[in-house]
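J.:
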Amino acid sequence: QSVLTQPPSVSGTPGQRVTISCSGSNSNIGSYIVHWYQQLPGTAPKLLIYSTSQRPSGVPDRFSGSKSGTSASLAIIGLQSEDEADYYCAAWDDRLNVRLFGTGTQVTVL
Amino acid sequence: EVQLVESGGGLVQAGGSLRLSCVGSGFTFSKNWMSWVRQAPGKGLEWVANIKQDGSEKYYVDSVKGRFTISRDNAKNSLYLQMNSVRAEDMGVYYCAREPGGYSPDFWGQGTLVTVSS
């Protein structure tokens, strides 16, 4: 049911900047805050960014979030090998009355 | 330390029932929205349902409406998911998650696996 669209994969070399997009609509990203999650293989998701651009305590400042209109973005500035994981955006949708997760993006460090 | 521990997963026949449980600790359970999120094998995250602090509001994804029921017992710091008429597409890891202020989850349990046999 997800209508938050992310690229299936992105890759980069150590130290590079990579960006993950999350495209939605007025009923979700356009009206509500966005959260981002990191999921390492075989583990539960971990909150990476909340309220669109805030980092929880302990999350490195190389992760940053932003939003413009009906799209949100997660940037990893200075990619590191431990950043290899799946990343998901999330937002409430008031047309469907559900919380939507993005389709997910696998980040590979070359 | 915040902890969410799920249990109750296992093998269920298609059409059967299963009840998942989640116990929270390290935070004031009764002051938080709570939710269930699932992940089919090799797939992405799918939000299933959430419930307000006092249980007065509940929301479900369309695919489980009428089959699944979310509930809570604040005296036991526990969240539940009653799964009826289970289908093959319900198979996956089910995570219990805390939703502070009704916003997207900030903390997740380790998950419990539901396997559906035909």
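Those protein sequence lines, which keep their order, are chains A and B. So in this note's numbering, the last one in the first sequence is 110, and the numbering has no gaps at all. So in this note's numbering, the last one in the second sequence is 228, and the numbering has no gaps at all. Heads up, the beta-carbon is just placed ideally off N, CA and C, and yes, glycines get one too.
In chain B, which residues lie with their C-beta within 8 Å of the C-beta of A:Tyr88?
T.: Residue 88 of chain A sits at position 88 when you count from the first residue of the first sequence. Gly154, Leu155, listed in chain order.
J.: Can you tell me the Cα-Cα spacing of A:Gln38 and A:Ile20, whole angstroms?
T.: Translated into positions along the first sequence, residue 38 of chain A becomes position 38. Translated into positions along the first sequence, residue 20 of chain A becomes position 20. Approximately 12 Å, taken between the alpha carbons.
J.: Report yes or no: is there a C-beta of chain A within less than 8 Å of the C-beta of B:Gly219?
T.: Position 109 of the second sequence, counted from the first residue, corresponds to residue 219 of chain B. True, the Cβ-Cβ gap to chain A drops below 8 Å.
J.: Can you give me the Cβ contacts of A:Arg17 inside the same chain, cut-off strictly under 8 Å, excluding the 5 residues immediately before and after it?
T.: In the first sequence, residue 17 of chain A corresponds to position 17, counting from 1. Excluding residues within five positions, the ones whose Cβ falls inside 8 Å are Ala75, Ile76, Ile77, Gly78, Leu79.
J.: Three or more C-beta pairs closer than 8 Å, one from the region 141 to 149 of chain B and one from the region 162 to 174 of chain B: is that the case here?
T.: Touching, yes, given that three or more Cβ pairs across the two stretches are closer than 8 Å.
J.: State the DSSP-derived secondary structure class of B:Val171, mapped to helix, strand or coil.
T.: What you label residue 171 of chain B is simply residue 61 of the second sequence in a count that begins at 1. In the structure shown, B:Val171 sits in coil (DSSP, three-state: anything other than H, G, I, E or B).
J.: Put A:Gly42 into one of helix, strand or coil per three-state DSSP.
T.: The count along the first sequence starts at 1 and reaches residue 42 of chain A at position 42. Here A:Gly42 sits in coil by DSSP.
J.: Under the criterion of a Cβ to heavy atom distance below 7 Å, does B:Gly134 qualify as lining the ligand GDP?
T.: No copy of the ligand GDP occurs in the structure displayed, which carries no ligand at all.
J.: What number of angstroms, rounded off, separates the C-alpha of B:Gly120 from the C-alpha of B:Glu199?
T.: Position 10 of the second sequence, counting from 1, holds the residue named residue 120 of chain B. Position 89 of the second sequence, counting from 1, holds the residue named residue 199 of chain B. Taking the straight line from one Cα to the other gives about 15 Å.
J.: Between which residues of its own chain and B:Pro210 is the CB-CB distance below 8 Å, once the five residues before and five after are set aside?
T.: Against the second sequence, residue 210 of chain B aligns to sequence position 100. If we look at B:Pro210 and ignore the five residues flanking it on each side, its Cβ neighbours are Asn142, Trp143, Asp216.
J.: If we cut at 8 Å on Cβ distances, does B:Ser214 have a partner in chain A?
T.: Here residue 214 of chain B refers to the residue found at position 104 of the second sequence. At least one chain A Cβ lies under 8 Å of B:Ser214.
J.: With DSSP as the reference, label B:Ala150 as helix, strand or coil.
T.: Here residue 150 of chain B refers to the residue found at position 40 when the second sequence is read from its first residue. It is coil, neither helix nor strand.
J.: Quick one, which residues of the region 28 to 58 of chain A are near chain B if we go by CB-CB under 7 Å, in chain order?
T.: Going along the region 28 to 58 of chain A in chain order, one finds Ile33, His35, Ala44, Pro45, Leu47, Tyr50 with a Cβ nearer than 7 Å to chain B.
J.: In chain order, what residues of the region 185 to 205 of chain B put their CB closer than 8 Å to some CB of chain A?
T.: If the cut-off is 8 Å between Cβ atoms, the region 185 to 205 of chain B has Tyr205 near chain A.
J.: Going by Cα to Cα distance, which pick from A:Leu110, A:Pro45, A:Phe101, A:Pro41 is closest to A:Gly28?
T.: Walking along the first sequence from the start, residue 28 of chain A turns up at place 28. Note that residue 28 of chain A is Asn in the sequence shown here, rather than Gly. Among A:Leu110, A:Pro45, A:Phe101, A:Pro41, the Cα nearest to that of A:Asn28 belongs to A:Phe101.
J.: Report the residues of the region 156 to 167 of chain B with a CB closer than 8 Å to any CB of chain A, ordered along the chain.
T.: Those residues of the region 156 to 167 of chain B that come within reach of chain A (Cβ to Cβ, closer than 8 Å) are Glu156, Trp157, Asn160.
J.: Shorter than 8 Å from the beta carbon of B:Val174 to some beta carbon of chain A?
T.: Here residue 174 of chain B corresponds to residue number 64 of the second sequence, with the count starting at 1. Not one chain A Cβ lies under 8 Å of B:Val174.
J.: Where does B:Gly212 sit, in a helix, a strand or coil, going by DSSP?
T.: Taking the second sequence and counting its residues from 1, one reaches residue 212 of chain B at position 102. Three-state result, B:Gly212: helix.
J.: Please confirm whether A:Val10 has its beta-carbon closer than 8 Å to some beta-carbon of chain B.
T.: Taking the first sequence and counting its residues from 1, one reaches residue 10 of chain A at position 10. A:Val10 does not count as touching chain B.
J.: I'd like to confirm the pairing. Which residues does DSSP put opposite B:Val115 in its beta bridges?
T.: To locate residue 115 of chain B, count along the second sequence from 1; it is residue 5. In the DSSP output, where bridge partners are listed per residue, B:Val115 has B:Val133.
J.: According to DSSP, is A:Gln81 part of a helix, a strand, or is it coil?
T.: In the first sequence, the residue the question calls residue 81 of chain A occupies position 81. Going by the sequence as given, residue 81 of chain A is Ser instead of Gln. Here A:Ser81 sits in helix by DSSP.
J.: So with CB distances below 8 Å, who are the chain D contacts of A:Leu100?
T.: The chain labelled as chain D is not found among the protein chains of the depicted structure, namely A and B.
J.: Chain B partners of A:Thr70, CB-CB under 7 Å?
T.: Against the first sequence, residue 70 of chain A aligns to sequence position 70. Result: empty, since nearest Cβ-Cβ is about 17 Å, beyond 7 Å.
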